[in-house]
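Read the sequence shown against full-length UniProt numbering and you will find it ends at 524, with the numbers running on by one and no gaps.
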Amino acid sequence: MALAPTSKVVLGSVAFLIFWVLAVFPAVPFLPIGRTAGSLLGAMLMVIFKVLGPDEAYGAIDLPILGLLFGTMLVTIFLERANMFKYLGKLLSWKSRGPKDLLCRICLISAISSAFFTNDTSCIVLTEFVLKIARQHDLPPYPFLLALASSANIGSSATPIGNPQNLVIAIQGKISFGRFLMGILPAMVVGVVVNIVFIIVMYWKVLSSPKDEENQISEVVVEEEAVSHQFSPARMSHLNPQECNGSLELGNAVPNSSLALVSSQVHVIKDQSATGVSEVQMVHSGTKEETNPSKSVAAVVDKPVVGLVVPSSEGKDYMSVKWKRVLWKSCVYAITLVMLIAMLIGLNMAWTAIAAAITLVVLDFKDAGPSLDKVSYSLLIFFCGMFITIEGFKKTEIPSAMWDVMEPYSRIDHASGTAILAVVILVLSNLASNVPTVLLLGARVAASAAAISKADEEKAWLILAWVSTIAGNFSLLGSAANLIVCEQARRAPNLGYNLTFWTHLKFGLPSTLIVTAIGLTLIR
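Here is the structure:
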């Protein structure tokens, strides 16, 4: 295919190169403006250089993908408020037996949570849990951090909402949630198992302990610690959720039989207790005796004449708030489940996610501003700029010319063609990042496969999803999930650990090649 006019090719390539440099190296010294601003700069240059017209630029923005991203981010924020990720973190060490068992748990929880709540979110909320467990049991952190990041990438490949490139593929390829899941699920399951075996074999000596079979790893993430490790998926910052703390245990402290014997009068004076038990004054034999909150119940029982302890109005309010929160959490989980079922049966994914998010906003029954503020609008803006920049680069016809050269050798109706296509996707995903690779190659790869059969067209999209996602495990810079784990581990207070590029590469290179190759044979 002939290239566009020379001026358009040169100017479009310059705009795309600027976008690529800032996307891959967001803190480049000569222009440290970040990925989001870099994508907007690339988009603006495409219009200024007249590679695209203004209307073409607006038309390049894929609104269904942005809607699906927005909806899933907002649902995830409500799930975080409902303590979903705190419970996942506690599962890591619950009745765990030894380092190898812990590593298997990390891989499984990371993979499953990433499939439904995105790989980036899972890595944000689980990294410090993993680091804390490793540190408290004198285990080297790096096998567990590698397990977390790599399993998150593998697990996210199974669903359209697992990562951004899958969103693009599902919408552009018109693949329903159910067909996408069934097409990649076998490869994902086997990939996670292979990844677990590979990590255990590679770090066998590090993970081996003479007490491996004797001592259980205790549950080290208690309630208060779990709350302190919650993160906003959009901003990677600590949250300060307002939890209803305290307990009301009067029913256990005072036997039911004693409540029938009321001879002295108990007056509620005030409630200064964090536990919800009131400070009381007792009137007994004409004298007043003040008791502190910790002794109030005991004082009642120890008296010759048993008195009735009347719960404070604040205690009743606490119980009311507690049950309302339980009901609200249940609604959040139920609506999320309904959203996933609706996607599975083939309803429009973008509008399903938006409907679930708005339903949660309404049920929350208070100002939605704080929740909406946690949405990563910078990511949405990045996608807008990237859509325009990629569309402009396509107008130069450079991607089409390159594909025309590769197409005869990359047909998926035979094994060698599938292998060559996988290598191309793997290399481009690590050079240009996975989402731009999908946007550049997706339509052409699918069109080439469609010439063979309709089934092969869908398979081509799924191969693109699988390889571009697993390619993220190749190196530390291969995916945002890897960088999140690295940065979270490095910045963790009192637990900091630096996961180096070479440590990751020694594991990532062979793991990526093995998992990718095995998975390709299972995609249908």
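All C-beta atoms in this analysis are idealised placements derived from N, C-alpha and C, irrespective of residue type, glycine included.
K506 (DSSP reduced to helix, strand or coil): Your numbering for residue 506 matches position 506 in the sequence shown. Residue state, collapsed to three classes: helix.
Distance, K86 Cα to S320 Cα: On the sequence shown, residue 320 is found 320 positions in, with the first residue counted as 1. On the sequence shown, residue 86 is found 86 positions in, with the first residue counted as 1. The alpha-carbon atoms of S320 and K86 are separated by roughly 23 Å.
Alpha-carbon to alpha-carbon, C384 and P64: For the purposes of this step, residue 64 is identified with residue 64 of the sequence shown, where counting begins at 1. For the purposes of this step, residue 384 is identified with residue 384 of the sequence shown, where counting begins at 1. Cα to Cα, the separation comes out at about 12 Å.
Whether G12 touches L22 by CB criterion (8 Å): By 1-based counting over the sequence shown, the position of residue 12 is 12. By 1-based counting over the sequence shown, the position of residue 22 is 22. Not in contact: G12 and L22 (Cβ atoms no closer than 8 Å).
Residue ranges of each beta strand (DSSP E) within the region 84 to 131, 3 or longer: none
Assigned secondary structure, T418 (DSSP; H/G/I helix, E/B strand, else coil): Residue 418 sits at position 418 when you count from the first residue of the sequence shown. It is helical.
Three-state secondary structure assigned by DSSP to residue 530: For residue 530 there is no data in the structure shown, the boundaries of the chain being 1 and 524.
K174 to F144 span [Cα, whole Å]: In the sequence shown, residue 174 corresponds to position 174, counting from 1. In the sequence shown, residue 144 corresponds to position 144, counting from 1. Spanning the two alpha carbons is a distance of roughly 37 Å.
Three-state class that DSSP yields for S330 in the structure shown: The residue labelled residue 330 in the question sits at position 330 within the sequence shown. Reduced to three states, the DSSP call for S330 is helix.
Local conformation of E397 per DSSP, three classes: In the sequence shown, counting from the first residue as 1, residue 397 sits at position 397. Three-state result, E397: coil.
Beta-carbon proximity check, G162 vs A115, cutoff 8 Å: On the sequence shown, residue 162 is found 162 positions in, with the first residue counted as 1. On the sequence shown, residue 115 is found 115 positions in, with the first residue counted as 1. With a cutoff of 8 Å on beta-carbon distance, G162 and A115 are scored as near each other.
Contact under 8 Å by Cβ, G155 with A111: Working through the sequence shown from its first residue, we reach residue 155 at position 155. Working through the sequence shown from its first residue, we reach residue 111 at position 111. Result yes, Cβ atoms of G155 and A111 sit closer than 8 Å.
Contacts around A480, its chain only, beta-carbon distance under 7 Å, and the 5 residues preceding and following it disregarded: Position 480 of the sequence shown, counting from 1, holds the residue named residue 480. Contacts found: D120.
Residue span of the alpha helix (DSSP H) that contains S150, given as start and end: Residue 150 sits at position 150 when you count from the first residue of the sequence shown. Residue range 142 to 156 is occupied by the alpha helix (DSSP H) that includes S150.
S468, enclosing alpha helix (DSSP H) - first and last residue: Counting from one through the sequence shown, the residue named residue 468 turns up at place 468. For S468, the enclosing alpha helix (DSSP H) begins and ends at 454 to 470.
Reduced DSSP secondary structure (H/G/I, E/B, other) of G59: Along the sequence shown, one-based indexing puts residue 59 at 59. It is helical.
A517 burial status per 10 Å Cβ neighbour count (16 or more: buried): On the sequence shown, position 517 is the one that residue 517 refers to. Per the 10 Å Cβ criterion, exposed.
Where H504 falls, given that 16 or more other Cβ within 10 Å makes a residue buried: Start at 1 with the first residue of the sequence shown, and residue 504 comes out as number 504. By the neighbour-count criterion, in which a residue is buried when 16 or more other Cβ atoms sit within 10 angstroms of its Cβ, H504 is buried.
CA-to-CA distance, T469 to P164, given in whole angstroms: Residue numbering aside, residue 164 sits at position 164 when the sequence shown is read from its first letter. Residue numbering aside, residue 469 sits at position 469 when the sequence shown is read from its first letter. Between P164 and T469, the C-alpha separation is close to 10 Å.
Beta-carbon proximity of I381 to W466, cut-off 8 Å: Working through the sequence shown from its first residue, we reach residue 381 at position 381. Working through the sequence shown from its first residue, we reach residue 466 at position 466. Going by C-beta atoms, I381 is not nearer than 8 Å to W466.
Inter-residue Cα distance where the pair is D456 and N195: Here residue 456 corresponds to residue number 456 of the sequence shown, with the count starting at 1. Here residue 195 corresponds to residue number 195 of the sequence shown, with the count starting at 1. The straight-line gap from Cα to Cα measures roughly 28 Å.
C-alpha distance - A353 paired with M343, whole-angstrom precision: Numbered from its first residue, the sequence shown carries residue 353 at position 353. Numbered from its first residue, the sequence shown carries residue 343 at position 343. So the two alpha carbons sit approximately 9 Å from each other.
Candidates K100, S150, G442, A432, of which the one nearest K205 by Cα: Reading the sequence shown from its first residue, position 205 is the one you call residue 205. Per the Cα distances, K100.
DSSP three-state assignment for D138, whether helix, strand or coil: Here residue 138 corresponds to residue number 138 of the sequence shown, with the count starting at 1. Reduced to three states, the DSSP call for D138 is coil.
Neighbour-count burial assignment, residue 548, 16 or more Cβ in a 10 Å radius: In the structure as shown, the chain begins at 1 and stops at 524. Residue 548 is therefore absent and cannot be evaluated.
Span separating the alpha-carbon of V47 from that of I388: Locating residue 47 in the sequence shown gives position 47, where the first residue counts as 1. Locating residue 388 in the sequence shown gives position 388, where the first residue counts as 1. Each residue's Cα considered, the two are about 9 Å apart.
Straight-line Cα distance separating L91 from I345: Taking the sequence shown and counting its residues from 1, the one referred to as residue 345 is at position 345. Taking the sequence shown and counting its residues from 1, the one referred to as residue 91 is at position 91. Whole-angstrom Cα-Cα distance: 30 Å.
Distance CB(A152)-CB(S122) smaller than 8 Å: Along the sequence shown, one-based indexing puts residue 152 at 152. Along the sequence shown, one-based indexing puts residue 122 at 122. Yes, these two residues count as a Cβ contact at 8 Å.
Buried versus exposed, by CB contacts within 10 Å (16 or more), Y318: As a first step, residue 318 is located in the sequence shown; it is residue number 318 there, counting from the start. With 16 or more other Cβ atoms within 10 Å, it is buried.
P495 vs C486 beta-carbon contact at 8 Å: Taking the sequence shown and counting its residues from 1, the one referred to as residue 495 is at position 495. Taking the sequence shown and counting its residues from 1, the one referred to as residue 486 is at position 486. According to the sequence displayed, residue 495 carries Leu and not Pro. No, they are not a contact pair.
Within 8 Å, strictly: CB atoms of E397 and A2: Taking the first residue of the sequence shown as 1, we reach residue 397 at position 397. Taking the first residue of the sequence shown as 1, we reach residue 2 at position 2. Result yes, Cβ atoms of E397 and A2 sit closer than 8 Å.
Cβ pair L148, V130 closer than 8 Å: By 1-based counting over the sequence shown, the position of residue 148 is 148. By 1-based counting over the sequence shown, the position of residue 130 is 130. Closer than 8 Å, so yes.
Residue span of the alpha helix (DSSP H) that contains G178, given as start and end: Position 178 of the sequence shown, counted from the start, is the residue given in the question as residue 178. Segment 177 to 202, the alpha helix (DSSP H) holding G178.
Chain-order list of residues whose beta-carbon lies under 6 Å from that of A492 (same chain, five-residue window excluded): For the purposes of this step, residue 492 is identified with residue 492 of the sequence shown, where counting begins at 1. Spatial neighbours of A492 in its own chain (CB-CB distance under 6 Å, excluding positions within 5 residues in sequence) are listed in chain order as E128, L131.
Whether W20 touches A432 by CB criterion (8 Å): Along the sequence shown, read from residue 1 onward, the residue named residue 20 stands at position 20. Along the sequence shown, read from residue 1 onward, the residue named residue 432 stands at position 432. A contact, by the Cβ cut-off of 8 Å.
D413 in three-state terms, based on DSSP: Position 413 of the sequence shown, counted from the start, is the residue given in the question as residue 413. In this structure, D413 counts as coil in the three-state DSSP scheme.
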